[in-house]
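Written out below as structure tokens is the structure these notes cover.
Protein chains in written order, with my numbering: chain A, 1 to 505; chain B, 1 to 360.
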């Protein structure tokens with residue numbers, strides 16, 4: 001039986017048709033996957049269903065009746081709920097208060113808390129309504145968002161990349177919840193780029209490419225590789241990792257500790273490790289466990305005490321970013337817009353942003369714009385950045401293209417040590433594969449790489465050593481080869497969960 | 001339904017057209033305002049915008065254009081660095097006053113000695129006075145996180161009080177029969193900032209303003225510091241990542257704008273004004289904020305905007321004396337200019353879309 005039927009939905013933005021005549025149906029109680037590369041039109045489509053975007057053409061039927069929500073409130077009223085990839089919660093308020101804030105006519109807080117307890121018991125989502133959101137893990141915050149949706153008793157629950165912030169154990173809990181919901185008749189529209197998850201969870205998948213529906217399949221009967229190739233419309237290259245012996249120690253951290261840079265940041269606690277030339281150290285961990293702080297301490301944005309960070313024989317803990325670059329340490333932070341790149345500046349200016357020192361783009365402070373232009377053009381060519389010209393602004397690029405530019409900018413500076421945070425976050429499958437290949441090539445050429453990622457598949461694919469960040473502490477690195485998913489899960493969040501249960505007891 | 005849609009990149013055409021459209025809108029709405037005040041709108045607009053340049057008495061007004069325009073441009077160039085970097089110095093008026101006081105103090109201290117070194121020393125003292133006054137909000141912001149907008153603005157009123165005290169006390173002319181105000185520096189050859197070419201209005205302040213425009217142009221387009229200024233304003237986190245020291249950027253930007261405002265004050269007190277007096281300052285420091293934005297924080301734009309703003313000052317005075325237009329109407333006109341500029345500016349980054357009405 002059909003719950004929601006989309007018929008010929010079309011939405012155009014200046015210069016791009018985000019959705020072109022998209023039609024498919026979601027059955028009642030069905031877990032329906034929506035697959036596609038970045039920019040394929042998934043977000044626009046779900047925003048249309050949720051009333052955030054008004055389509056140029058086409059129509060929707062919800063339970064057989066015309067459905068065209070002018071705003072999210074109308075969509076919620078009709079029974080459509082959505083959990084966004086980025087949470088909209090207030091750190092300083094507790095769970096019940098956050099949930100009451102999102103309600104039309106909130107009952108007294110006491111009743112809200114009671115409802116939260118009920119729903120969290122019913123669906124196996126442990127959550128204490130009186131806890132302050134700022135203290136919750138990403139997985140727990142997601143539970144707040146899910147419970148907020150479930151309190152509306154939705155007919156259709158839309159989930160946008162829900163597992164990107166979860167540990168494997170939390171993913172298991174989430175999947176059980178979703179299956180239970182589906183068995184009770186709630187339909188779920190599940191957006192993800194993690195194909196194995198979709199194979200494990202979903203009943204049906206619709207694949208989008210460049211705004212068109214290019215295929216449908218039963219994920220349990222289709223291989224991940226087939227689905228990926230359907231998404232990108234090409235044959236995928238899997239990164240190759242040649243065996244090579246590790247070289248000398250390139251980077252040494254000794255008891256690296258630093259206070260949290262802001263109220264909801266994470267303090268780094270006593271991190272010690274070494275990375276050798278030619279080696280990729282993969283750092284796993286759920287977001288918010290000190291990844292940003294670790295990158296800042298290594299890139300030089302955050303200074304630490306002397307002796308804590310060494311490159312070869314050089315003590316660099318007190319050095320600012322450009323002095324570290326001069327010694328051969330480059331970094332690519334997670335946030336592309338506004339951190340790794342300046343959105344309103346051109347790609348030429350963004351090439352200059354970190355390339356000035358190593359690529360000698362200025363002399364005595366005077367800029368050599370022609371060299372900067374050449375450098376930008378080199379990045380664009382070698383990393384296949386799709387852009388009209390090097391003079392385009394960074395924000396005019398899609399997320400994946402800007403990511404390729406940022407990674408390319410650091411790799412082409414030929415660093416001895418490269419720190420990368422989430423290199424393929426929000427990047428489509430083919431671009432992700434080429435970014436991973438470039439990282440491996442750099443390591444083969446003799447650089448030491450620290451790759452911080454929440455994508456375990458990515459870490460297992462290219463890391464030699466694996467370590468996990470948890471509340472600012474780093475586990476001892478272990479060889480990535482042969483680690484089981486359970487062992488990784490324990491390294492990532494196991495001990496953390498135990499600590500919490502001690503406190504509660 | 002009218003909606004705004006963000007452009008993929010800033011529109012070059014609109015960036016250039018914005019100031020022109022803003023001036024045109026100001027003339028139209030200003031004309032309506034003047035008509036409401038019972039004046040002939042066309043005559044009034046002509047008096048304000050054209051008479052200073054092309055009327056029978058233009059020979060008298062044209063030099064005035066340089067005299068009024070130079071301090072505006074000099075101060076606005078300094079402010080543009082900070083505004084680009086997200087450092088909001090609203091207190092240029094106070095730094096202008098302090099530059100005048102410090103510069104005049106050096107000149108008066110040497111009176112009546114004659115030496116070629118006195119004027120250069122006064123220039124240095126003027127720049128120092130403005131710089132030091134701007135360092136107060138700068139250091140407070142860097143050390144204690146205070147808001148530089150409030151502190152720099154409040155210090156304007158402190159400087160005004162200091163100015164009054166100087167004019168009535170420490171710097172009062174001993175031969176001035178007890179009237180407030182210092183000796184007239186314009187009549188003290190070693191300290192005077194006289195016209196370099198007779199009746200041209202061209203004095204050292206005009207030269208300094210032109211040098212500042214060229215310096216700013218080269219710095220912003222060709223030097224790493226200019227790049228860092230723009231980066232710090234657009235994306236503070238990216239600037240930090242690129243190795244820009246945020247505290248240093250705040251101090252340098254406040255320092256540049258303070259020093260240039262101080263210079264403007266010194267050139268004014270040693271030339272066109274001639275003396276430290278209670279009503280020495282006439283709001284150049286505030287008007288320069290409008291000039292900086294009207295010129296799109298671009299050095300050449302500021303040069304043109306400074307000229308335009310000087311025009312409205314002089315034209316406004318003509319309109320006041322010839323047509324009996326109230327002074328407040330001129331200030332309203334100048335305010336309108338900034339208002340329309342900011343409003344039209346939106347079109348640089350957004351396009352207006354006339355869509356169909358909301359569905360359902």
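Heads up, the beta-carbon is just placed ideally off N, CA and C, and yes, glycines get one too.
In chain order, which beta strand (DSSP E) runs of at least 3 residues are fully inside the segment 418–492 of chain A? 448–452 and 465–470
State yes or no: is the beta carbon of residue 362 (chain A) nearer than 7 Å to at least one beta carbon in chain C? Absent from the structure is chain C; the protein chains it does hold are A and B.
Based on the DSSP output, what are the partners of residue 314 (chain A) in its beta bridges? Walking along the first chain from the start, residue 314 (chain A) turns up at place 314. Its beta-bridge partners are A:311.
Given 8 Å, three or more beta-carbon pairs between the segment 314–326 of chain B and the segment 88–98 of chain B: no
Hey, does residue 144 (chain B) have any beta-carbon neighbour from chain A nearer than 7 Å? Sequence index remark: in the second chain, residue 144 (chain B) carries index 144 (1-based). So no, residue 144 (chain B) is outside the interface.
Secondary structure of residue 15 (chain B), DSSP reduced to three states: Locating residue 15 (chain B) in the second chain gives position 15, where the first residue counts as 1. Residue 15 (chain B): helix per DSSP, three-state reduction.
What does residue 222 (chain B) touch in chain A if you count any residue whose Cβ is under 7 Å from its own? Position 222 of the second chain, counted from the start, is the residue given in the question as residue 222 (chain B). The answer, in chain order, is 366 and 367.
Residue 228 (chain B) at chain A interface by Cβ criterion, 7 Å: Taking the second chain and counting its residues from 1, the one referred to as residue 228 (chain B) is at position 228. Not an interface residue.
Where residue 5 (chain B) sits in the DSSP three-state scheme: By one-based count along the second chain, residue 5 (chain B) stands at place 5. Note: residue 5 (chain B) maps to strand in three-state DSSP.
For residue 303 (chain A), which residues in the same chain have their Cβ closer than 6 Å to its Cβ, ignoring the five residues on either side in sequence? Taking the first residue of the first chain as position 1, residue 303 (chain A) is located at position 303. Same-chain partners within the cutoff: 318.
Could you name the residues of chain A that residue 86 (chain B) contacts, counting a contact when the two beta carbons are closer than 9 Å? Position 86 of the second chain, counted from the start, is the residue given in the question as residue 86 (chain B). Going along chain A, no residue has its Cβ under 9 Å from residue 86 (chain B), so there is no contact; the nearest lies around 13 Å.
Below 8 Å, can you find three or more Cβ-Cβ pairs linking the segment 87–103 of chain A to the segment 132–150 of chain A? yes
Cross-strand partners of residue 31 (chain A) (DSSP beta bridge): Translated into positions along the first chain, residue 31 (chain A) becomes position 31. For residue 31 (chain A), which the question treats as bridged, DSSP gives the partners A:188.
Closer than 9 Å at the beta carbon, the chain B residues around residue 299 (chain A): As a first step, residue 299 (chain A) must be located in the first chain, where it is residue number 299. Going along chain B in sequence order, the residues near residue 299 (chain A) (Cβ under 9 Å) are 241.
Straight-line Cα distance separating residue 180 (chain B) from residue 69 (chain B): Locating residue 69 (chain B) in the second chain gives position 69, where the first residue counts as 1. Locating residue 180 (chain B) in the second chain gives position 180, where the first residue counts as 1. C-alpha separation (whole angstroms): 27 Å.
Select from the segment 163–177 of chain B all residues with a C-beta closer than 7 Å to any C-beta belonging to chain A, and list them in chain order. none
Would residue 4 (chain A) and residue 26 (chain A) be called neighbours here (beta carbons separated by less than 7 Å)? As a working note, residue 4 (chain A) is residue 4 in the first chain. As a working note, residue 26 (chain A) is residue 26 in the first chain. Contact: yes.
Quick check: residue 367 (chain A) and residue 224 (chain B), are their CB atoms within less than 7 Å of each other? For the purposes of this step, residue 367 (chain A) is taken as the residue at position 367 of the first chain. For the purposes of this step, residue 224 (chain B) is taken as the residue at position 224 of the second chain. Going by C-beta atoms, residue 367 (chain A) is nearer than 7 Å to residue 224 (chain B).
Residues of its chain near residue 158 (chain A), where Cβ-Cβ distance is below 6 Å and the 5 sequence neighbours each way are ignored: Within the first chain, residue 158 (chain A) is the residue found at index 158, counting from 1. Excluding positions up to five away in sequence, the list reads 46, 82 and 189.
In angstroms with no decimal places, state the Cα-to-Cα distance between residue 264 (chain B) and residue 92 (chain B). Reading the second chain from its first residue, position 264 is the one you call residue 264 (chain B). Reading the second chain from its first residue, position 92 is the one you call residue 92 (chain B). Spanning the two alpha carbons is a distance of roughly 10 Å.
So what does residue 330 (chain A) bridge to, in DSSP terms? Translated into positions along the first chain, residue 330 (chain A) becomes position 330. A:418.
Within 9 Å of chain B by C-beta, residues of the segment 327–354 of chain A in sequence order: 331, 333, 335, 337, 338, 339, 340, 341, 342, 343, 344, 345, 346, 349, 350, 352, 353 and 354
Can you tell me which of A:2, A:28 and A:53 puts its alpha carbon nearest to the alpha carbon of residue 534 (chain A)? Within the shown structure, residues of chain A are numbered from 1 to 505, placing residue 534 (chain A) beyond reach of any answer.
Classify residue 162 (chain A) as buried or exposed, calling it buried when 16 or more other Cβ atoms lie within 10 Å of its own Cβ. For the purposes of this step, residue 162 (chain A) is taken as residue 162 along the first chain, with counting starting at 1. Flag for residue 162 (chain A) reads buried.
Does the Cβ-Cβ distance between residue 167 (chain B) and residue 277 (chain B) come in under 7 Å? On the second chain, residue 167 (chain B) is found 167 positions in, with the first residue counted as 1. On the second chain, residue 277 (chain B) is found 277 positions in, with the first residue counted as 1. Yes, Cβ-Cβ distance for residue 167 (chain B) and residue 277 (chain B) is below 7 Å.
Quick check on DSSP: helix, strand or coil for residue 331 (chain B)? Position 331 of the second chain, counted from the first residue, corresponds to residue 331 (chain B). Helix, per DSSP.
Compare the beta carbon distance of residue 427 (chain A) and residue 403 (chain A) with 7 Å and say whether it is the shorter of the two. Here residue 427 (chain A) is taken as the residue at index 427 of the first chain, counted from 1. Here residue 403 (chain A) is taken as the residue at index 403 of the first chain, counted from 1. Taking 7 Å as the Cβ cut-off, residue 427 (chain A) and residue 403 (chain A) qualify as a contacting pair.
By the DSSP assignment, the alpha helix (DSSP H) with residue 292 (chain A) in it spans what residues? Numbered from 1 along the first chain, position 292 holds the residue referred to as residue 292 (chain A). Note, residue 292 (chain A): alpha helix (DSSP H), 291–299.
For residue 214 (chain A), report the span of its beta strand (DSSP E) as first-last. Against the first chain, residue 214 (chain A) aligns to sequence position 214. Note, residue 214 (chain A): beta strand (DSSP E), 212–217.
Cut-off 8 Å between Cβ atoms - residues of its own chain near residue 339 (chain A), not counting five sequence neighbours on either side: Along the first chain, one-based indexing puts residue 339 (chain A) at 339. 333, listed in sequence order.
So, is residue 298 (chain B) buried or exposed, given that buried needs 16 or more other C-beta atoms within 10 angstroms? Working through the second chain from its first residue, we reach residue 298 (chain B) at position 298. Residue 298 (chain B) should be labelled buried.
Would residue 506 (chain A) and residue 350 (chain A) qualify as a contact pair, given that the criterion is a beta-carbon distance under 7 Å? Residue 506 (chain A) is absent from the model: chain A starts at 1 and stops at 505.
Taking 8 Å as the threshold, find out whether the segment 361–381 of chain A comes into contact with the segment 286–294 of chain A through three or more Cβ pairs. no
Helix, strand or coil: which one does DSSP assign to residue 64 (chain B)? Here the question's residue 64 (chain B) lines up with position 64 in the second chain. Three-state DSSP puts residue 64 (chain B) in a helix.
Could you give the uninterrupted runs of the alpha helix (DSSP H) lying entirely in the segment 354–401 of chain A, keeping only those of 4 residues or more? 369–382
Whole angstroms are fine: how far does the CA of residue 482 (chain A) sit from the CA of residue 504 (chain A)? Taking the first chain and counting its residues from 1, one reaches residue 504 (chain A) at position 504. Taking the first chain and counting its residues from 1, one reaches residue 482 (chain A) at position 482. In this predicted model, residue 504 (chain A) has a pLDDT of only 37, less than 50, meaning its place in the structure is not dependable; the value taken from the coordinates is given anyway. Residue 504 (chain A) and residue 482 (chain A): Cα-Cα distance of roughly 35 Å.
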